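Worksheet: the structure to be examined is printed underneath.
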Amino acid sequence: MNYWPLAGIAIVVIGFALRFNPLLVVVSAALATGLLAGLDFVAVVEALGKAFNDNRYISVTWIILPVIGLLERYGLQQRARSLIENIRGATMGKLLVIYLGFRQLTAALGMKDIGGHPQAVRPLVAPMAEAAAEKSHGDLPQEEREKVKAMSAATDNVGLFFGEDIFFAIASILLIQGVFESAGYPLTPLQLSVWAIPTAICAFLIHGGRILAMDRRLGRIPPRHGEGDHPQDGGGAGSAVAQSGRVLLHPSRRERSPSPKGEE
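The opening residue of the sequence shown carries number 20 in our numbering; numbering runs sequentially from there.
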């Protein structure tokens, strides 16, 4: 038995221990393993190229993440917030309903990777939804901010899940077709895709209603207490605050004012 191909493992261990370039270490280990296994150089390079081509989506994912990180570092989220703040009439409900329709439509056309949590929701959709909610309802508690972010992520999930089945060449449709065919019900992918349209419409209406209901609920949340407005800080309802154009005097001031009877 030829144990020489195992030398590739030693190359990886030694290369990482000496902190060499990871790409150089991995490629060197792959070439050494193939050559020591008896393959010629062209066959080894061909195998590496085929593996890269078959799994290129993994490399694309790793390329996108650093780019998004750099964009966030240089103010992508802040620009998204300022953009939505300058749009007249923008609300969280309208924004997320539009994104839900956009996500379903693009997924139905086979472009399911045009959105997603790391490349769309975190840097763009969630900050814009949060800014729209604050623009409509004022400063929100931290718990409500997290709920807005969660609803943004859920909107992406619902749009993708119920939209991609309309595209007849998606893997899920082919899986369903295989299951039905094995059970004796031959169906074409197009037939399955057509029946996914009513489900997608129902999902849009139901989740769109949830988004609008959440937007209305945020409008009923009382405004956050400012510094000194909480009863423990000496403020509260009796402080000098403006409500409906009237100024309410602090009770302690009324107590110190002289009474009509001249009592002290």
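C-beta: ideal position from N, C-alpha, C; glycine also. As the structure is a computational prediction, the values presented were derived from the model and not from experiment.
Could you give the DSSP three-state label for T207: helix, strand or coil?
Residue state, collapsed to three classes: coil.
Report back the beta-carbon spacing between V177 and L119 to the nearest angstrom; my notes put them in contact at under 8 Å.
At roughly 7 Å, the Cβ-Cβ gap stays under 8 Å, so V177 and L119 are in contact.
Which two residues bound the contiguous alpha helix (DSSP H) that contains G108?
Note, G108: premise wrong, no alpha helix (DSSP H); not H, not E.
Under 7 Å: does the beta carbon of R236 sit that close to some heavy atom of the ligand MN?
Because no ligand of any kind appears in the structure shown, any question about the ligand MN cannot be addressed here.
Opening and closing residue of the alpha helix (DSSP H) in which P137 lies
Per DSSP, P137 is not a residue of any alpha helix (DSSP H), being assigned neither H nor E.
Counting pairs of beta carbons, one from the stretch 130-150 and one from the stretch 193-208, are three or more of them closer than 8 Å?
With a cut-off of 8 Å on Cβ pairs, the stretch 130-150 is not in contact with the stretch 193-208, counting fewer than three such pairs.
Given a threshold of 16 other Cβ atoms within 10 Å of its Cβ, counted over all protein chains shown, does I230 qualify as buried or as exposed?
Buried, by the Cβ-count rule.
Secondary structure at D158, three-state DSSP: helix, strand or coil?
In the three-state reduction of the DSSP assignment, D158 falls in the coil class.
Please report how far the alpha carbon of G228 lies from the alpha carbon of P217, in whole angstroms.
Spanning the two alpha carbons is a distance of roughly 17 Å.
Measure the CB-CB distance between I30 and A51 and report whether it falls below 8 Å.
Yes.
Boundaries of the alpha helix (DSSP H) in which V144 is found, first to last residue
Run containing V144: none; DSSP gives neither H nor E here.
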